[in-house]
Structure formats: structure tokens, C-alpha cells
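Step one of this worksheet: look at the structure below.
There are 2 protein chains.
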Amino acid sequence: MQTKAVEDYLKAIYELQAEGGKVSTTSLSERLSVAPASVTGMAKKLAKMKLVVHEPYQGVELTPAGEKIALEVIRHHRLVESYLAEALGVPWDKVHEEADQWEHVLSEEMEDLMDDKLGYPTSDPHGAPIPARDGTMPKADLRRLSELEAGETAVIAEVSDHDAELLRYLGELGIFPHVEVRVISSAPFEGPVTIRINGDEHALGREVAGYILVGSLR
Amino acid sequence: MQTKAVEDYLKAIYELQAEGGKVSTTSLSERLSVAPASVTGMAKKLAKMKLVVHEPYQGVELTPAGEKIALEVIRHHRLVESYLAEALGVPWDKVHEEADQWEHVLSEEMEDLMDDKLGYPTSDPHGAPIPARDGTMPKADLRRLSELEAGETAVIAEVSDHDAELLRYLGELGIFPHVEVRVISSAPFEGPVTIRINGDEHALGREVAGYILVGSLR
DNA sequence: ACCAAAAATTAGGCTTGCCTAAATCTAGAA
DNA sequence: TTCTAGATTTAGGCAAGCCTAATTTTTGGT
Ligand SMILES: [Mn+2]
Ligand SMILES: [Mn+2]
Ligand SMILES: [Mn+2]
Ligand SMILES: [Mn+2]
């Protein structure tokens, strides 16, 4: 059994890797709110444990063993988020913080019981895919809402859960997974994206729109 | 926010205190599976934090502040046990181990949600009282089953949850809180206690009978 | 009252993870 | 190609908790 710190590092490395290749010391340092020197220390330790490959000055990359653990932690996290939302009615902007703690103490038995109770969900309340029990991660083909052209219609697939306040705001606008959106206009020079959702129009900042992933209709 | 270790020590001190006055270094050392020297170290630390009074060579005693924290942890533990049993169908011999981990990560919000969902229970699956939100611990007047005379009838109130195997055994016999028992005979010289429960008779070792607390009928 | 065994504390160390400050490496601009 | 700013690592430390071995205190039996 790994420590909470090891699990958090592996999870962060997995997520950063998914957002683009090699993972730098700085990016991990920021993600985990820890000094860069601390990251170097842990990188060496994880390398010795064969959970990452650490090329000094060049970043880290998960080994298959490291990825396996990362996916287990992420599965715990997202199942817990789903369970809290579904069974206890916790609003979607509060589940992440709680799951960040529970993910480390959830036993495999409780994991299975929650999974059963929920009917084997494949995505969490923010639309993020839940890794399967065998460690398979469903991979969807999604675009950022910020990249759509005016006139395009799509379905919200996933919303970044890193910022609770943002989730609360988007929730008020009715921006949830499975909801249909139409881009009315997309201003140039990194300007706002105007969307129509549930019959209402809203203008979103370009950055915010980038946190929303969408899939094709149907 | 206290560390997990501090919470575990305070909880253990509370429980040992409830079983009889001053708490020795050795008793804590055994309860927590930690070397006596480690207990002394923590005792000094807790004393500095004003959570216990530590009289060197004489043991420790909770201060009101320490007791408050202990009761919060115990409330978390017992609510989680109740929730797991009720909502996820976890058998009573498995809930304790899980709750021992969850108790440290449960937020006050989740505590309240579970409490609501359960309908404000006053005792856990083993019959142990759940401290109220205000820190009040219901105190019942109970006797050990091992102390009853032949011919007496009583109601099971509480079963020690320290040994999962024992719980499984007692469960098979139908020994649960709220069930009626009658003592058929109580052998002398620390001999077995024979009881009738649900129409069946069973002989229990004296020590086992001591782990079962009973209350008066009605 | 004494003395030995048991209980508790002190002394010294170890691991995990974190930090700051100093050194070193890398990469992009000139 | 050089140089410097930024990224990274190294060096040295600290706090929490745990351990074993040595020492001190308490206590119960004689
Ligand atoms: Mn975490
Ligand atoms: Mn999520
Ligand atoms: Mn615990
Ligand atoms: Mn219990």
C-alpha cells in the first residue's frame, strides 16, 4: 500500500500527462502546491520504486505500474464523487474536495459496493470518465467549447472540476454534462463565446469556455 | 485540525478512561499497537497541546478540550459504521475497520448528511451510543452478560466491536442489540454461561459473555 | 524497610515529506 | 555562439511518529 503522498503525485502526473506529454517539476509543484525541490525529491523516490521514469532536468513519465496505481486512485476519486452526488445529494461543486480525501481510504470492498449501488457508472458528476475495474480508461473524442465555430451545436461532455466556484457559476447557467449547447458567436482576439443553452443565451470568457469539453450531437 | 495519530490517541484514551479511570502508558501501548516509549512521546505532546494532563509515571487523563475531540472522532466512527451497515449493507463485523479510516477524513458536512439520511441514530450497529452533535454522550446503565444470575432475562444492549471474528460468531448465534436473552445457567469457577436466545440454547465462555452488555427488559 | 520486577521515561535513531537557500543545468535571445 | 533567465537539483533542516536500548521510578512481596 502506497502513502497518500505517493498516490497524489501519481494521480497528478497522470492528469498532467493526459494534458500533454512530459511532466515538468514546475507543473507538478504548482498542481500539488509544493516546492519544486520537494517534487524532485519525490520524483527520485518514485523512480526508485519503478513507478515513474525520471530523466533529470527533463521531467517524469509514468511506468505501466505507476499508471495502474494512478488509475486506481482516479477510479476511487470519481466513484466517490458520483456516490456523494447520487446517494447523499452533495452538490457538484462540493464533491471534489471530499473525494480528494476519501480516495485514499476507500477499501476495494467499499469501492465495489458503491459501484453496484450506482449501477456501474462510466462518468462522474463532471462528466469525467471513470476508469473500469480492470484499469481501462474510456477515451472519448472531445473538443473544447472554446474551439467551436459560430453556428455549431454540440453536447456538453465534461466540465473541469478544479475550481469549485466556477462549477457553481456554470451550474447556475445550466451547464452540465449531457446538455445541448449551440454556439451563437465566437468573438475574435480571444473574445467571449456566446452560447444558447436551455433557450437562454450567455457569454462566456474564452478561458472558461476552454474548461468545457463537448462531444458531437447524437 | 489534528493529525490522525492525535485523533487515534485521544479516542483510545477516552475509551480506556470509560473502562476505568487513569490511563496507563502500557494500556495505550497495547490498544494502539505501539511501543511504550512512543506513547510517552505522544503523551508529552498532547499535554503540551492541553488535550491531556500527563502525570509522569502515573498516566494521562483527558482535559475537557481533549474529551471534546475524542467525542467528535467517536461520533464520526459510529456514524460511519451505521451508515455503512444501513446504506451499503456492510456486515457488522466489517464496519469497524473501515470506519477506523473514514473517521479521520469525514467532513462535518458529510457527517450531517449521513446523520440525516439515517434519521439521527443514537447507537451504532454494535449498540454503542453515538455522541450527539453537541458532544453529549448518552450514558446507559448496563451490566455484563457474564454477571447475570441463572434465571435472569435481559436485552442485549451492546457488543464489543474490537474483534471481527467474535462478531461473526455472535452474529451466527443471533446475538445482536435489542434481542432478548435469558441466562439458563452460569457455571462457577469462571465457567461458561448458558443462554437461551431466539429459542436456542448456547454456552458462551465467561470472557466472551463479558463482552456483551445487557440492559433491563422493557 | 528493602529489593526485585514491572512500568515508564530518556536517549538516540530512522523514515516520510516538506521547506529554504545555494548551486547547477537548459534553452532561448541576441 | 554566447549569455542569461528560468527551471531543476543539491544541501541542509525541520516536524511527526515510530522504534530499540538504556535508565529511572514505582510498587508489591517479604
Ligand atoms: Mn488526494
Ligand atoms: Mn470530477
Ligand atoms: Mn483511526
Ligand atoms: Mn461500533
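Those protein sequence lines, which keep their order, are chains U and B. In terms of this note's numbering, the first sequence is residues 13 to 230. In terms of this note's numbering, the second sequence is residues 13 to 230. Just so you know, even glycine gets a beta-carbon here, dropped at the ideal spot from N, CA and C. All values reported here derive from a predicted model rather than from experimental measurement.
Check                                                                                                                        : Outcome
Contact check, GLY222/B vs SER158/B, beta carbons under 8 Å                                                                  : yes
ILE196/B and GLU219/B closer than 8 Å at C-beta                                                                              : no
Within 8 Å of chain B by C-beta, residues of the segment 120-149 of chain U in sequence order                                : GLU121, MET122, LEU125, MET126, LYS129
Classification of ARG230/U by the beta-carbon crowding that lies within 10 angstroms, buried from 16 upward                  : exposed
Neighbourhood of VAL226/B by C-beta distance below 8 Å, restricted to the same chain and skipping five residues each side    : LEU154, ARG155, ARG156, LEU157, LEU160, ALA166, VAL167, ILE168, ALA169, VAL193
GLU19/U at chain B interface by Cβ criterion, 8 Å                                                                            : no
Alpha-carbon to alpha-carbon, GLU109/U and SER119/B                                                                          : 10 Å
Any residue whose CB is nearer than 6 Å to a heavy atom belonging to ligand 4, listed in chain order                         : ARG90/B, GLU93/B, HIS108/B, ASP136/B, HIS138/B, ALA140/B, ASP173/B
Where GLU233/U meets chain B, residues with beta-carbon distance less than 7 Å                                               : Residue 233/U is absent from the structure shown; chain U starts at 13 and stops at 230.
Terminal residues of the alpha helix (DSSP H) in which ALA49/U lies                                                          : 48-60
Buried or exposed by the 16-neighbour rule on C-beta atoms within 10 Å, applied to PRO189/U                                  : buried
Sheet register partners of ILE131/U (DSSP bridge)                                                                            : According to the sequence shown, residue 131/U is Gly rather than Ile. The partner list for GLY131/U (beta bridge, DSSP) is empty, contrary to what the question assumes.
Proximity to HIS174/U [Cα-Cα], best of LEU22/U, LEU28/U, GLN70/U                                                             : LEU28/U
Candidates ASP105/B, LEU58/B, HIS89/B, of which the one nearest ALA144/B by Cα                                               : HIS89/B
Cβ contact check for the segment 70-77 of chain U and the segment 135-150 of chain U: 3 or more pairs under 8 Å              : no
Minimum Cβ-Cβ distance from GLU110/B to chain U less than 8 Å                                                                : yes
Chain U residues whose Cβ lies nearer than 7 Å to that of TRP114/B                                                           : VAL117
Reduced DSSP secondary structure (H/G/I, E/B, other) of ALA152/U                                                             : coil
8 Å Cβ shell around ASN210/U - same chain, five flanking residues per side excluded                                          : GLY186, VAL191
DSSP beta-bridge partners of SER7/B                                                                                          : Shown here, chain B extends from 13 to 230; a query on residue 7/B therefore has no answer.
contact_flag[the segment 60-73 of chain U, the segment 34-44 of chain U] where n(CB pairs < 8 Å) is 3 or more                : yes
Euclidean distance between Cα positions of GLU123/U and ALA17/B                                                              : 25 Å
Validate contact between the segment 85-100 of chain U and the segment 38-53 of chain U using beta carbons, cut 8 Å, 3 pairs : no
Residue from LEU40/U, GLU31/U, LYS57/U, SER39/U with nearest C-alpha to GLN14/U                                              : LYS57/U
Local conformation of GLU67/B per DSSP, three classes                                                                        : strand
Beta-carbon spacing of LYS129/U, LEU100/B below 8 Å                                                                          : yes
Neighbour list for VAL102/B in chain U, Cβ cutoff strictly below 8 Å                                                         : GLU121, MET122, LEU125
Cβ-Cβ distance between LEU125/B and VAL102/U below 8 Å                                                                       : yes
Local conformation of THR165/B per DSSP, three classes                                                                       : strand
ALA169/U at chain B interface by Cβ criterion, 8 Å                                                                           : no
GLY131/B, buried or exposed, once every other Cβ within 10 Å from all chains shown has been counted against 16               : exposed
Terminal residues of the alpha helix (DSSP H) in which ASP212/U lies                                                         : Element bounds for ASP212/U: not the alpha helix (DSSP H) but the beta strand (DSSP E), 212-216.
Pairwise C-alpha distance: LEU182/B and SER39/B                                                                              : 26 Å
Short CB-CB distance (under 8 Å) between ALA99/U and chain B                                                                 : yes
8 Å Cβ shell around LEU83/B - same chain, five flanking residues per side excluded                                           : TYR26, PRO143, GLY147, MET149
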